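Student: Top to bottom, those sequences are chains B and G.
Numbering-wise, my numbering puts 749 at position 119 of the first sequence, and it's gapless, one number per residue.
Numbering-wise, my numbering puts 267 at position 52 of the second sequence, and it's gapless, one number per residue.
Cβ atoms here follow ideal geometry from the backbone N, Cα and C, with glycine treated the same way.
Note that the structure is predicted; figures quoted are calculated from it, not measured.
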Amino acid sequence: MLKIIIPFIFVNLLSSMNQEPTYLVLNHFDKDIPQAEKLLVENFNNSKFEFDAALENIFTDLDSYDNPASSHMDMMKELGEKYKVSFILLNKIEHKEDRFVLDGLLFNTRSGGLIHRRKIDLKQYLDGQINELIMWVGNTLGVQEKEWQKNRESILFNDPEELTYDKTPMGAAIRSLIAPGWGQAYSNKKTSAGVWFGVEASLSLAFILSYLNYDKSAKGFLSNTDLYHQTDDEKLVAKHRAAAEKDWGNHIIYSRLAIALASATSTGWVSNSIHAWVFGPRPYTNIYQEWDSSSELNKG
Amino acid sequence: MQMNHFLKIVYLLIIGYSNLFSQIKLDVSTIPKRVDVYLDGVNLGTSPVLNERIKPGLHKFEIKKKGFAPLAYDLLVNPAQAIKLDFFLNPIYKIKFKTEEKGLVFELNGEHRWDVPFIRLELEAGDHFLRVFKIGEIIDEQTIRVDEPKRFNYYLKKPLTSG
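#1: Determine, for Lys372(G), whether the minimum Cβ-Cβ distance to residues of chain B falls below 9 Å.
#2: In the DSSP assignment, the beta strand (DSSP E) including Trp329(G) goes from what residue to what residue?
#3: Quick one, which of Val867(B), Ile764(B), Glu792(B) and Ala906(B) has its alpha-carbon nearest Ala823(B)'s?
#4: Assuming Phe717(B) is part of the beta strand (DSSP E), what are its boundary residues?
#5: Rounded C-beta distance between Val264(G) and Val292(G)? I'm assuming under 8 Å.
#6: Within this structure, are the beta carbons of Asn854(B) and Ala874(B) separated by less than 9 Å?
#7: I need the DSSP call for Leu807(B), collapsed to helix, strand or coil.
#8: Cβ closer than 8 Å: which chain B residues qualify as neighbours of Pro306(G)?
#9: For Gly341(G), count neighbouring Cβ atoms within 10 angstroms of its own Cβ and tell me buried if that reaches 16, exposed if not.
#10: In the DSSP output, which residue or residues are listed as bridge partners for Ile246(G)?
#11: Under 8 Å: do the stretch 709-725 of chain B and the stretch 657-670 of chain B share three or more Cβ pairs, one atom per stretch?
#12: Which residues in chain G have a C-beta closer than 7 Å to the C-beta of Ile718(B)? List them in chain order.
#13: Round the Cβ separation of Thr739(B) and Met765(B) to the nearest angstrom and send it over; I've been treating them as touching at under 8 Å.
#14: Beta-carbon of Tyr369(G) versus every beta-carbon of chain B: anything under 9 Å?
#15: Which word fits Gln238(G), buried or exposed, when buried means at least 16 other C-beta atoms lie within 10 angstroms of its C-beta?
#16: I need the straight-line Cα distance from Ile334(G) to Arg249(G), nearest angstrom please.
#17: For a contact meaning CB atoms closer than 8 Å, what does Leu793(B) contact in chain G?
#18: Compare the Cα-Cα distances from Ile353(G) to each of Asn219(G), Leu273(G) and Gly325(G) and report the closest residue.
#19: Apart from the five residues just before and just after Gly256(G), which ones in its own chain have a Cβ nearer than 8 Å to its Cβ?
#20: Asp242(G) touches chain B at which residues, Cβ-Cβ below 7 Å?
#21: Going by the beta-carbon positions, is the gap between Val773(B) and Leu670(B) smaller than 9 Å?
#22: List, in chain order, every chain G residue whose beta-carbon is nearer than 9 Å to that of Gln759(B).
#23: What do you get for Asn305(G), buried or exposed, if any count of 16 or more other CB atoms within 10 angstroms of its CB means buried?
#24: Is Ile917(B) close to chain G, meaning its C-beta is less than 9 Å from at least one C-beta of that chain?
#25: Thinking just about the alpha-carbon of each residue, which of Asn916(B), Glu777(B), Gly734(B) and Gly879(B) is nearest to the one in Arg747(B)?
#26: Assuming Leu345(G) contacts Ile310(G) (C-beta within less than 8 Å), just tell me the rounded distance between them.
#27: Beta-carbon of Ala683(B) versus every beta-carbon of chain G: anything under 9 Å?
#28: To the nearest angstrom, how far is the alpha carbon of Glu672(B) from that of Val731(B)?
#29: Report yes or no: do three or more beta-carbon pairs, one from the stretch 835-845 of chain B and one from the stretch 879-887 of chain B, lie closer than 8 Å?
#30: Identify the contact partners of Arg912(B) in chain G, using a Cβ-Cβ distance below 8 Å as the criterion.
#31: Using a Cβ-Cβ distance under 9 Å, would Pro263(G) count as near chain D?
#32: If we cut at 9 Å on Cβ distances, does Leu338(G) have a partner in chain B?
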């Protein structure tokens with residue numbers, strides 16, 4: 631794999647004029663990081679960048695040395711004298727599959743020793759390289775902007791405990807408890823929403839009709855019983871008796887029917903809410919076989 | 216002459232003493248915050264850890280928080296300097312993987328294999344390499360991104376109409 635090696639030299643000139651620590655910054659990236667140089671200049675103005683490919687050998691893996699802190703002492707001293715700086719800052723960015731590693735090393739040119747090291751090993755910190763580089767350079771120069779911190783946090787993966795969703799299974803369950811089918815509709819399951827609403831509406835209607843018939847039969851029975859007691863006419867007695875017996879029979883049937891329908895309605899209502907929770911909105915991704923010509927992830 | 220010897224010994228003793236007992240200022244920051252930080256097996260408390268002291272030499276940091284992949288990091292600390300460490304923990308998400316296809320064997324990151332239609336996994340956030348086998352042959356390879364707790368549904372064919 632072709633690796634792009636881009637060492638930059640960045641000398642903090644302003645500091646040197648005030649006899650404050652001066653820095654030589656060497657950047658080594660294995661991939662091109664667009665606008666890295668420009669952004670470094672923008673964030674740390676009064677600084678100067680130069681390009682020098684001859685310093686590539688500094689960027690070997692320091693961890694392979696027995697004593698990384700002193701492995702390049704002579705070279706650092708020489709560079710310090712050459713560029714008249716008090717510190718040398720090495721920034722190495724490597725991409726290893728889905729990870730990116732930023733190895734920041736600060737050397738003191740007087741002793742040549744490594745005095746500060748910052749290593750970041752991140753998985754899938756997309757487009758975060760330049761932000762981390764700026765933060766590290768800023769850290770060594772004593773500058774830290776809140777915006778950089780916010781940038782970093784915005785790019786990182788979310789804490790599972792802090793994840794919030796617009797739609798939740800509990801939201802669906804509560805909606806279905808208020809109105810059957812609402813939770814399913816909220817979860818974009820229109821068919822099951824219609825079925826649940828239809829079933830519950832039918833059961834409720836049947837229950838109401840049964841109750842009304844029960845009520846009518848009960849009142850009819852009482853009315854016919856009164857009429858039965860108030861008359862001595864044989865024909866009317868027989869008529870009211872037959873009507874009262876019919877009302878009694880109906881009252882029993884509709885009473886049982888109303889109780890059964892009420893049970894069915896309430897059980898269905900709760901089941902509908904549970905169904906809404908079980909099949910509620912949860913994040914998913916459909917993966918289709920990629921080796922089959924057209925391949926894409928359909929995010930749900 | 217004797218005085219010179221004495222001064223040299225005193226000087227060496229001072230240097231040796233300061234090197235032996237010199238401690239370096241240590242700050243440890245983490246994302247997320249309130250993470251248990253262990254230095255050489257000793258709990259330093261929860262992050263951010265500020266103004267701790269560390270002796271020069273090789274040290275092992277361990278950073279642990281429930282719901283995140285633990286991190287172990289070896290660091291050689293150079294004498295007489297301050298050290299500031301930033302650790303980023305990668306979250307672990309609960310994943311469900313489901314397929315209605317028959318006879319498939321799945322392999323994730325070349326390590327974990329399964330052949331059941333539904334499995335629960337705990338995966339570190341980021342990209343993971345999925346390989347699919349059927350009758351011993353690879354029939355698919357692709358990278359799936361885990362960026363939140365969710366369910367993956369695997370299909371052999373893409374539907375004609377979406378939605």
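Tutor: The short version:
#1: yes
#2: His327 to Trp329
#3: Ala906(B)
#4: Phe717 to Lys726
#5: So it is not a contact: roughly 15 Å between Cβ atoms.
#6: yes
#7: helix
#8: Phe787, Asn788, Asp789 and Pro790
#9: buried
#10: Phe303(G)
#11: yes
#12: Per Cβ cutoff of 7 Å: no residues; Ile718(B) is ~14 Å from chain G at best.
#13: Not a contact, Cβ separation roughly 23 Å.
#14: yes
#15: exposed
#16: 32 Å
#17: Glu363 and Pro364
#18: Gly325(G)
#19: Lys275 and Glu277
#20: Chain B residues near Asp242(G): none, gap ~11 Å exceeds 7 Å.
#21: no
#22: The contacting residues do not exist; Gln759(B) stays about 13 Å from chain G at best.
#23: buried
#24: yes
#25: Gly734(B)
#26: The pair is not a contact, with the Cβ atoms about 11 Å apart (cut-off 8 Å).
#27: Confidence at Ala683(B) is low in this model, with a pLDDT of 49, below 50, so the placement of that residue is unreliable and no value is reported for it.
#28: 23 Å
#29: yes
#30: Lys365 and Arg366
#31: This model lacks chain D altogether, as its protein chains are B and G.
#32: no
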